[in-house]
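What follows is one structure encoded as structure tokens, with my remarks underneath.
In structure tokens form, the structure reads like this:
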């Protein structure tokens, strides 16, 4: 399947996007109520403050329906490092290359902004094993594991991808 056929990707948030993002995040079954609230807040803050919020979004749509997104931003006090805060794809569309496409497009966008390193945080819980494998398949490597970070027995796994300098070349 050509994952781009019938899909559009946009960077600007629309007024209904925070609600749609919340619904998407909830539908995955992966995130806690607090995490869902944070995802919604980042979208609301970006709508309100624009670029000053410090967050960037890529919205993947099919037939004008939000079915995936990524949220990322520069890490304060670093020269060219970025956090990939969120990536989510509607459950019925997972496994079709949409997530990988979003990651690739996010990486291209970050490189275009002068970014050279991307960090992703996730949990060590068994529920997140597919997430960790996804990042590894996308070329991310484990940079750190912070033991008991989220809770006893729930480590924070930090993944890193260094972008090739050719990505930011014109």
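Numbering (our numbering), first residue to last: 254 to 423. Positions of the beta carbon are idealized from the N, C-alpha and C atoms, including for glycine.
Alpha carbon to alpha carbon, how far is residue 345 from residue 418? Give it in angstroms, no decimals.
Residue mapping note: residue 418 aligns to position 165 of the chain shown, counting from 1. Residue mapping note: residue 345 aligns to position 92 of the chain shown, counting from 1. A direct Cα-Cα distance of roughly 35 Å separates residue 418 from residue 345.
Unbroken alpha helix (DSSP H) runs of length 4 or more, entirely within the stretch 385-416: which are they?
none
Is residue 395 closer than 8 Å to residue 384 when the C-beta atoms are compared?
Walking along the chain shown from the start, residue 384 turns up at place 131. Walking along the chain shown from the start, residue 395 turns up at place 142. Contact flag unset, no.
Residues near residue 268 by beta carbon distance below 8 Å, same chain, minus five either side
Walking along the chain shown from the start, residue 268 turns up at place 15. Counting only Cβ-Cβ distances below 8 Å, and skipping sequence neighbours, we find 300.
Count the other CB atoms, across all protein chains shown, that sit within 10 Å of the CB of residue 294; report buried if there are 16 or more and exposed otherwise.
Counting from 1 along the chain shown, the entry for residue 294 is found at position 41. Classification of residue 294: exposed, given that the 10 Å Cβ count is below 16.
For residue 261, count neighbouring C-beta atoms within 10 Å of its own C-beta (all shown protein chains included) and say buried if the count is 16 or more, exposed if not.
As a position in the chain shown, residue 261 is number 8, starting the count at 1. Exposed: under 16 other Cβ atoms inside 10 Å.
By DSSP's criteria, residue 270 is part of a beta bridge. Which residues make up the other side?
Looking up residue 270 in the chain shown gives position 17. Answer by DSSP bridge pairing: none, since residue 270 is not bridged.
Nearest-angstrom Cβ-Cβ length linking residue 275 and residue 292, presumed shorter than 8 Å:
Residue mapping note: residue 275 aligns to position 22 of the chain shown, counting from 1. Residue mapping note: residue 292 aligns to position 39 of the chain shown, counting from 1. Yes, residue 275 and residue 292 are in contact; Cβ-Cβ is about 7 Å, under 8 Å.
Looking at residue 356 and residue 412, is the spacing between their C-beta atoms short of 8 Å?
On the chain shown, position 159 is the one that residue 412 refers to. On the chain shown, position 103 is the one that residue 356 refers to. No.
To which residues does DSSP link residue 324 through a beta bridge?
To locate residue 324, count along the chain shown from 1; it is residue 71. The secondary-structure analysis by DSSP pairs residue 324 across a beta bridge with 310 and 339.
I think residue 264 touches residue 311, with their Cβ atoms under 8 Å apart; what is that distance to the nearest whole Å?
Here the question's residue 264 lines up with position 11 in the chain shown. Here the question's residue 311 lines up with position 58 in the chain shown. The distance from the Cβ of residue 264 to that of residue 311 is about 6 Å, consistent with a contact at the 8 Å cut-off.
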